[in-house]
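Each protein sequence line maps, in turn, to chains A and B. Our numbering puts the first sequence at residues 119 to 601. Our numbering puts the second sequence at residues 119 to 601. Cβ coordinates follow ideal geometry from the N, Cα and C atoms, glycine included. Computed from a predicted model, the values in this text were never measured in an experiment. Have a look at the structure below before the remarks.
There are 2 protein chains.
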Amino acid sequence: MSKNDSRSGEERLKEAYEELGALQRTFRIRQIPAIIVVEGWNASGISDTIATLLQGLDPRGFDFHALGRPGEEDRAHTFLRRFWVRTPAHGRIAIYARSWYSRALAEKIRGTEWEKRLDRAITSIKTFERQLADDGTLILKFFLQISSEEQRRRLVAREKDPLTSWMITRNDWDFHHLYDELTPVIRHIREATEEPWAAWHIVDAEETAVASERVLSTVIERFRAHLDTGGSAPLRAHAPLPPLPSSASPIDTVDLSLSMSRHDYDRVSPECQARLRACQYSLYRRKVPLIIVYEGWDAAGKGGSIQRLVRSMNPRGYAVVPVGPPSSEELAHHFLWRFYLRFPPAGDIRIFDRSWYGRVLVERVEGLASEHQWQRAYREICEMERAYVESGGGLIKFWLEIDAETQLKRFRERETDPSKQWKITEEDWRNREKREQYERAVREMIARTHTPSAPWTVIASNSKHHARITAQRAVIDYVNDLI
Amino acid sequence: MSKNDSRSGEERLKEAYEELGALQRTFRIRQIPAIIVVEGWNASGISDTIATLLQGLDPRGFDFHALGRPGEEDRAHTFLRRFWVRTPAHGRIAIYARSWYSRALAEKIRGTEWEKRLDRAITSIKTFERQLADDGTLILKFFLQISSEEQRRRLVAREKDPLTSWMITRNDWDFHHLYDELTPVIRHIREATEEPWAAWHIVDAEETAVASERVLSTVIERFRAHLDTGGSAPLRAHAPLPPLPSSASPIDTVDLSLSMSRHDYDRVSPECQARLRACQYSLYRRKVPLIIVYEGWDAAGKGGSIQRLVRSMNPRGYAVVPVGPPSSEELAHHFLWRFYLRFPPAGDIRIFDRSWYGRVLVERVEGLASEHQWQRAYREICEMERAYVESGGGLIKFWLEIDAETQLKRFRERETDPSKQWKITEEDWRNREKREQYERAVREMIARTHTPSAPWTVIASNSKHHARITAQRAVIDYVNDLI
Numbered sequence: 119m120s121k122n123d124s125r126s127g128e129e130r131l132k133e134a135y136e137e138l139g140a141l142q143r144t145f146r147i148r149q150i151p152a153i154i155v156v157e158g159w160n161a162s163g164i165s166d167t168i169a170t171l172l173q174g175l176d177p178r179g180f181d182f183h184a185l186g187r188p189g190e191e192d193r194a195h196t197f198l199r200r201f202w203v204r205t206p207a208h209g210r211i212a213i214y215a216r217s218w219y220s221r222a223l224a225e226k227i228r229g230t231e232w233e234k235r236l237d238r239a240i241t242s243i244k245t246f247e248r249q250l251a252d253d254g255t256l257i258l259k260f261f262l263q264i265s266s267e268e269q270r271r272r273l274v275a276r277e278k279d280p281l282t283s284w285m286i287t288r289n290d291w292d293f294h295h296l297y298d299e300l301t302p303v304i305r306h307i308r309e310a311t312e313e314p315w316a317a318w319h320i321v322d323a324e325e326t327a328v329a330s331e332r333v334l335s336t337v338i339e340r341f342r343a344h345l346d347t348g349g350s351a352p353l354r355a356h357a358p359l360p361p362l363p364s365s366a367s368p369i370d371t372v373d374l375s376l377s378m379s380r381h382d383y384d385r386v387s388p389e390c391q392a393r394l395r396a397c398q399y400s401l402y403r404r405k406v407p408l409i410i411v412y413e414g415w416d417a418a419g420k421g422g423s424i425q426r427l428v429r430s431m432n433p434r435g436y437a438v439v440p441v442g443p444p445s446s447e448e449l450a451h452h453f454l455w456r457f458y459l460r461f462p463p464a465g466d467i468r469i470f471d472r473s474w475y476g477r478v479l480v481e482r483v484e485g486l487a488s489e490h491q492w493q494r495a496y497r498e499i500c501e502m503e504r505a506y507v508e509s510g511g512g513l514i515k516f517w518l519e520i521d522a523e524t525q526l527k528r529f530r531e532r533e534t535d536p537s538k539q540w541k542i543t544e545e546d547w548r549n550r551e552k553r554e555q556y557e558r559a560v561r562e563m564i565a566r567t568h569t570p571s572a573p574w575t576v577i578a579s580n581s582k583h584h585a586r587i588t589a590q591r592a593v594i595d596y597v598n599d600l601i
Numbered sequence: 119m120s121k122n123d124s125r126s127g128e129e130r131l132k133e134a135y136e137e138l139g140a141l142q143r144t145f146r147i148r149q150i151p152a153i154i155v156v157e158g159w160n161a162s163g164i165s166d167t168i169a170t171l172l173q174g175l176d177p178r179g180f181d182f183h184a185l186g187r188p189g190e191e192d193r194a195h196t197f198l199r200r201f202w203v204r205t206p207a208h209g210r211i212a213i214y215a216r217s218w219y220s221r222a223l224a225e226k227i228r229g230t231e232w233e234k235r236l237d238r239a240i241t242s243i244k245t246f247e248r249q250l251a252d253d254g255t256l257i258l259k260f261f262l263q264i265s266s267e268e269q270r271r272r273l274v275a276r277e278k279d280p281l282t283s284w285m286i287t288r289n290d291w292d293f294h295h296l297y298d299e300l301t302p303v304i305r306h307i308r309e310a311t312e313e314p315w316a317a318w319h320i321v322d323a324e325e326t327a328v329a330s331e332r333v334l335s336t337v338i339e340r341f342r343a344h345l346d347t348g349g350s351a352p353l354r355a356h357a358p359l360p361p362l363p364s365s366a367s368p369i370d371t372v373d374l375s376l377s378m379s380r381h382d383y384d385r386v387s388p389e390c391q392a393r394l395r396a397c398q399y400s401l402y403r404r405k406v407p408l409i410i411v412y413e414g415w416d417a418a419g420k421g422g423s424i425q426r427l428v429r430s431m432n433p434r435g436y437a438v439v440p441v442g443p444p445s446s447e448e449l450a451h452h453f454l455w456r457f458y459l460r461f462p463p464a465g466d467i468r469i470f471d472r473s474w475y476g477r478v479l480v481e482r483v484e485g486l487a488s489e490h491q492w493q494r495a496y497r498e499i500c501e502m503e504r505a506y507v508e509s510g511g512g513l514i515k516f517w518l519e520i521d522a523e524t525q526l527k528r529f530r531e532r533e534t535d536p537s538k539q540w541k542i543t544e545e546d547w548r549n550r551e552k553r554e555q556y557e558r559a560v561r562e563m564i565a566r567t568h569t570p571s572a573p574w575t576v577i578a579s580n581s582k583h584h585a586r587i588t589a590q591r592a593v594i595d596y597v598n599d600l601i
């Protein structure tokens with residue numbers, strides 16, 4: 119589509135659409151997800167540019183997103199969560215008219231210390247894009263450039279036209295008057311987020327038709343190049359894992375001999391229950407969401423511990439999320455996607471019975487995730503947890519530790535006690551045979567994800583009473599510290 | 119748990135919880151979904167009663183719902199949709215603190231003609247519960263009964279207690295003063311919705327502890343009885359299908375020889391596009407949602423027709439929903455559940471590329487649904503469509519008809535044209551061999567679901583140009599009639 123092209127505009131467009139359609143089909147067949155971000159100055163023609171692009175795409179295979187200000191629900195989360203839950207499934211194309219960039223600009227450049235907040239947003243964005251690119255997503259980012267003078271002309275023209283005047287708000291003029299001031303900020307954001315796997319294309323948009331054709335041809339080139347260079351293979355080289363931290367792991371210091379008598383349990387339990395209920399109410403009033411992750415050996419007592427933890431809580435404010443194997447829809451997304459979907463709303467508690475740590479435990483040991491995938495997951499998990507905590511959420515991670523003998527004893531009890539037989543399956547025995555492999559995975563998981571913002575609490579669980587009260591007290595202490 | 123029981127209250131409770139836990143596990147293993155509705159007068163102790171029940175349940179296996187007034191989004195739908203999307207998956211228990219009954223009462227008894235609106239709500243509720251029961255859901259409904267005098271005492275007591283005074287609003291007193299007036303209305307609702315598969319249990323709640331124990335023991339009895347009488351087998355006898363209506367089917371009168379030249383198509387197309395865009399804008403301004411269903415033979419041209427239909431529309435206001443085989447999560451719900459999830463928000467257009475009619479087409483012919491299931495589906499679909507249209511939504515259903523020769527010609531073209539080969543699979547040829555079976559299914563589908571509120575538009579599609587313009591004009595005419 120060079121400018122010397124002798125074909126008519128219509129002919130060129132038709133050919134471009136045919137090629138784009140073919141590329142879209144190839145992406146679908148090869149299950150490659152793609153993200154197309156169109157950003158730009160106000161009145162730079164984002165909608166028209168996207169309209170030109172969409173006409174060449176099969177509408178059954180793309181999702182279009184034009185997200186404005188977040189609603190109350192979204193504001194309770196890190197600002198990227200609403201984009202995380204809208205990432206494209208493998209083989210689909212997601213097109214964003216404005217995106218996390220406009221939101222970062224709109225939400226972060228107000229008030230004091232906005233530069234710090236903006237830099238934190240940039241860090242989150244870089245993480246977000248890197249994680250998606252690592253998962254095989256092609257990311258294209260466009261910025262439609264117009265001059266301040268051209269922007270003024272367009273705003274005036276739209277104000278005069280009765281069909282478009284309602285679209286122009288004071289906000290548009292406010293931003294127009296900030297054009298010069300915003301220019302270096304926007305350039306800084308673009309430069310800070312320029313990566314080989316998430317490159318910016320700055321498009322001269324003084325003429326919308328030219329810009330539209332430019333975006334269309336760039337999409338075609340980038341899609342084609344992505345297929346030529348191996349398609350879904352990630353662009354980034356696989357970095358080796360850093361050595362395991364040498365600091366003491368909380369799993370080394372856990373004292374499995376700790377126990378609690380039934381009598382003591384009955385004595386302290388009522389107070390714990392009352393305080394847990396008070397904790398829930400504090401979280402609710404302060405609109406702080408809390409995630410409690412339960413991981414642990416089979417038969418370590420996760421279910422019983424969860425049941426006692428929520429016993430006195432108000433069911434309006436908590437839910438237990440049982441995590442099993444991912445569904446087909448979940449498998450067609452980044453592995454963290456299904457957890458973002460289940461994050462608690464503001465003031466709510468979500469208890470994850472197993473969690474994203476399945477990636478580095480069962481999926482690692484059973485070979486359900488590739489080595490690259492589970493090795494990458496440590497960093498991805500730490501980044502997600504940190505962003506969640508930094509945005510104000512609470513996060514508690516329990517590892518319920520029992521020794522192999524206790525596990526064996528409980529398995530045998532389950533086999534002989536008719537009321538417990540449902541708890542034991544062939545799989546439990548198979549997993550037990552892999553205890554060594556799992557032990558290695560557990561130790562590495564805790565070593566690599568025991569972070570200042572999201573430390574593990576390892577609970578000695580050979581004694582169920584002791585383990586239950588320990589978990590309840592840990593929640594009480596955490597919430598009291600938090601709020 | 120009779121009153122003469124000599125065991126202590128604590129002992130009785132413990133035994134009841136053990137039995138309830140065992141029943142919950144059996145329901146999970148047998149994949150039976152259960153719904154427990156707790157309704158009652160204000161201050162009748164709904165929360166406390168449910169709290170007692172929940173303590174005996176594994177929190178990993180239930181979902182608790184306390185839905186108040188609908189938000190803006192939910193108000194754009196029939197009032198049952200927010201409950202439809204929250205029906206329990208197979209093997210799970212959903213507990214509702216107040217439910218569609220309270221919502222019907224709160225939303226329908228205002229303004230003029232409230233009795234008519236209430237009766238329509240009752241009809242929808244009966245349909246909703248029957249469809250879920252037919253799908254194997256156990257439905258339990260409780261009403262906590264207290265006297266007007268007791269209600270007054272409790273409201274006064276709560277107002278005096280600083281911990282609960284904030285909970286009492288003017289609304290509570292308004293409803294209290296309506297106690298006598300509401301009594302016959304509530305009785306009418308209960309009587310009208312009393313069915314063998316959705317029976318009411320009226321519980322004397324003058325003493326909350328007694329009421330809680332009563333609800334708990336009733337749940338246990340009903341769960342046990344459900345297992346004894348065959349578990350997931352539906353309670354309702356399978357009614358034979360009514361004879362096919364003798365009125366002419368639109369598929370008999372379609373003239374497949376209709377065609378349109380490229381020249382005529384190019385001439386009328388621009389105006390259609392402009393009018394479609396105007397239609398979309400009218401729907402948006404009036405906040406009317408529109409569903410367009412595309413069904414038709416393989417190679418009938420659904421994809422191309424959809425692409426031309428949306429070409430000039432604003433992508434902010436439409437989405438295409440490609441419907442494939444249900445996911446594991448979708449299979450664990452009533453077959454209509456996944457479509458309720460994808461209904462358009464107010465003012466939006468959703469185009470379903472295949473739809474719920476898969477139940478009586480591919481699932482019938484390929485044996486993926488039992489005879490009972492697909493035969494029941496005709497009525498279920500008509501009921502859903504009617505409720506949607508009555509609540510103000512627009513619904514257009516297209517059947518794209520081509521004859522067997524045209525299909526064969528297109529299949530062959532697809533095989534030889536490299537740019538079209540992706541469109542043809544082994545499955546298409548297999549389906550073609552079953553043309554007779556599919557023809558029977560199509561004719562029966564149209565005969566049984568061609569209703570006044572949701573008629574089929576059969577589109578002669580041997581000529582693609584003719585078919586595309588016909589579909590576009592049908593949408594334009596429908597929207598212009600609607601608004």
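Taking a 10 Å sphere around the C-beta of B/I147, we find fewer than 16 other C-beta atoms and assign the residue as exposed. Within the same chain, and ignoring the five residues on either side of A/S242 in sequence, the residues whose Cβ sits closer than 6 Å to its Cβ are L198 and A505. Beta-bridge partners assigned by DSSP to B/W517: B/E413 and B/V576.
Of the candidates B/S283, B/F461, B/T170 and B/L250, B/F461 places its Cα closest to the Cα of B/A194. Taken atom to atom, the span from the alpha-carbon of A/D521 to that of A/E551 is near 14 Å. Here DSSP, grouped into helix, strand and coil, assigns A/V372 to coil.
Taking 8 Å as the upper bound for CB-CB distance, B/I424 and B/I469 are in contact here, some 6 Å apart. Linking A/E389 to B/I320 through their CA atoms gives a straight-line distance of about 35 Å.
Of B/F145, B/E324 and B/L223, the smallest CA-CA separation from B/S162 is found for B/E324.
DSSP lists no beta-bridge partner residue for B/I307. At a cut-off of 7 Å between beta-carbon atoms, A/P361 makes no contact with chain B. One Cα belongs to A/R561, the other to A/Y412, and the distance between them is close to 16 Å. With respect to B/I577, B/L518 sits close: the two C-beta atoms are nearer than 7 Å. Identification of chain B residues near A/W540 by a Cβ-Cβ cut-off of 9 Å yields A140, R143, T144, R146 and I147, ordered along the chain. Look at the stretch 173–195 of chain B: the residues with a C-beta under 8 Å from a C-beta of chain A are Q173, D176, P177, R178, G179, D181, F182 and A184. Shown here, A/H208 sits in coil according to DSSP, grouped into three states, outside any helix or strand. Contact between the stretch 403–419 of chain A and the stretch 471–484 of chain A is present, with at least three C-beta pairs closer than 8 Å.
Per the C-alpha coordinates, the member of A/I154, A/E523 and A/Q173 positioned closest to B/S430 is A/Q173. Per DSSP, the unbroken alpha helix (DSSP H) holding A/L526 starts and ends at A522 to T534. A Cβ of chain A is located within less than 7 Å of the beta carbon of B/D471. Cβ proximity to chain A below 8 Å picks out S165, I168 and A169 from the stretch 158–169 of chain B. Taking each of A/T588, A/Q539 and A/R248 in turn and checking the Cα distance to A/R497, the smallest one comes out for A/R248. Inter-residue distance for B/L185 and B/N432 is about 33 Å (C-alpha atoms, whole angstroms). Taking a 10 Å sphere around the C-beta of B/N160, we find 16 or more other C-beta atoms and assign the residue as buried. The criterion of a C-beta distance shorter than 7 Å is not satisfied by A/Y458 and A/V156. Collapsing the DSSP output to three states places B/P440 in a strand.
For A/K582, no beta strand (DSSP E) run applies; the uninterrupted alpha helix (DSSP H) run containing it begins and ends at K582 to L600, by DSSP.
Residues of chain B with a Cβ closer than 8 Å to the Cβ of A/Q425 are, in chain order, D176 and P177.
For A/V483, the uninterrupted alpha helix (DSSP H) segment begins and ends at V480 to V483.
Residue contact with chain B for A/V428: present (Cβ-Cβ distance below 7 Å to some residue of chain B). Look at A/E447: its C-beta is under 7 Å from a C-beta on chain B.
For B/S537, the chain A residues whose Cβ falls inside 8 Å of its Cβ are E136 and A140, in order along the chain.
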